[in-house]
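Below, the structure written as structure tokens:
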């Protein structure tokens, strides 16, 4: 018990000193800025591109967003996305360029934060940095596609099997459990790849796993709490009016960046 207490104390002291040493809050703000800039172009790009292969992709994507976003932010995002998708052509190459440009900038901000955690100075070439940033963007897009595909196929397969077995009343429950577990595994894998590849340091897959598990669980729990708080509060609407949904979205993304950076620091602590 004493060893566990001393370990916890050591961890708290390490986190406090490390956050003071690095520009923790500044990096989180930088990451959240680029992520919000990439958010809408990426969503529109996925709807236009993947929607050609998965007919109900847009509906499933909005279902997932509704689960994690406050109602205020969800209404803002849905209205803006619907407006933009109606006015933008499917083959809008400028949209694609904007998507990957801001997404790679967000990935570079993540790499800067991870390097700060390990006390590294970036020594990789600009080409390698941009390629890694592009890879993170692709991994993130693929993760979204996989999670929604799992949602689609689990619904179809479970409905077919359970109806034949005569227990179709459990269809929705089993579908939700499968999709939730699959999304957790996908998120852990994605975050582990980020934690291993982002720093300018040779790391093993297992060294990125503790932070990835923390980030996955932390983001899910934090967003549930944030969702409950926001849906029972009207202050954002009173303070920011029509921009209340956007501001709430910014706060949510900032929380994600804070948790993501904390996960990186957890990896540093356990790999010492």
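In this note's numbering, the protein residues as written are 1 to 272.
Beta carbons are placed, not taken as given, at the ideal position from N, Cα and C, and that holds for glycine.
Just so you know, these numbers come straight off a predicted model, no measurement behind them.
ask   = Going straight from the alpha carbon of residue 23 to that of residue 208, what length do you get?
value = 21 Å
ask   = Can the beta-carbon of residue 103 be found less than 7 Å from the beta-carbon of residue 137?
value = yes
request  = Please state if the CB of residue 259 and the CB of residue 211 are separated by a distance shorter than 7 Å.
outcome  = With respect to the 7 Å criterion, residue 211 and residue 259 are not classified as neighbours on the basis of their beta carbons.
query = Under the rule that 16 or more other beta-carbon atoms within 10 Å means buried, what is residue 7, buried or exposed?
reply = Per the 10 Å Cβ criterion, exposed.
query = alpha helix (DSSP H) containing residue 75: first to last residue?
reply = 71 to 87
inquiry  = Could you compute how far the alpha carbon of residue 46 sits from the alpha carbon of residue 10?
reply    = 44 Å
query = Near residue 246, what residues of its chain come up, given a Cβ to Cβ distance below 7 Å and the 5 sequence neighbours on each side ignored?
reply = 76
ask   = Taking residue 232 as the reference, which of 31, 71, 42, 25 has the closest Cα?
value = 71
ask   = In terms of residue numbering, what span does the alpha helix (DSSP H) encompassing residue 270 cover?
value = Counting along the chain, the unbroken alpha helix (DSSP H) around residue 270 starts and ends at 244 to 270.
N-terminal and C-terminal residue of the alpha helix (DSSP H) that residue 224 is part of = From DSSP, the alpha helix (DSSP H) with residue 224 extends over 209 to 231.
ask   = So, residue 95 versus residue 143, is the Cβ gap smaller than 7 Å?
value = no
task = Could you work out which residue in 42, 27, 129, 118 is closest to residue 81 when comparing CA atoms only?
result = Restricting attention to 42, 27, 129, 118, the CA atom closest to the CA of residue 81 is found in 42.
ask   = Quick one: Cα of residue 36 to Cα of residue 73, how far?
value = 13 Å
key: Assigned exposure category for residue 113 - 16 Cβ within 10 Å defines buried   = buried
ask   = Thinking C-beta only, is residue 213 closer than 7 Å to residue 181?
value = no
query = Curious, which full-length alpha helix (DSSP H) runs of at least 4 residues does the segment 98 to 156 contain?
reply = The qualifying runs do not exist here; there are none.
key: Test item: CB-CB of residue 57 and residue 50 under 7 Å   = yes
request  = Quick one: grab the DSSP three-state call for residue 53.
outcome  = coil
ask   = Where does residue 131 land, buried or exposed, given buried means 16+ other C-beta within 10 angstroms?
value = exposed
ask   = What distance in whole Å lies between the Cβ atoms of residue 117 and residue 268, which are believed to be in contact at a cut-off of 8 Å?
value = 5 Å
key: Which of helix, strand or coil DSSP assigns to residue 202   = coil
inquiry  = Between 66, 99, 44, which has its C-alpha nearest residue 83's C-alpha?
reply    = 44
inquiry  = Taking the beta carbon of residue 26 as the centre, do at least 16 other beta carbons fall within 10 Å, making it buried, or is it exposed?
reply    = With fewer than 16 Cβ atoms within 10 Å of its Cβ, residue 26 is classed as exposed.
key: 8 Å Cβ shell around residue 122 - same chain, five flanking residues per side excluded   = 111, 112, 115, 129, 200
query = For residue 270, which residues of its own chain have a beta-carbon under 7 Å away from its beta-carbon, when the five flanking residues on both sides are left out?
reply = 210.
inquiry  = Can you give me the C-alpha to C-alpha distance between residue 52 and residue 120, rounded to a whole angstrom?
reply    = 43 Å
request  = Look at residue 133 and residue 107 and say whether their C-beta atoms are less than 7 Å apart.
outcome  = yes
Option in 60, 14, 18, 78 with minimal Cα separation from residue 249 = Of 60, 14, 18, 78, the smallest CA-CA separation from residue 249 is found for 78.
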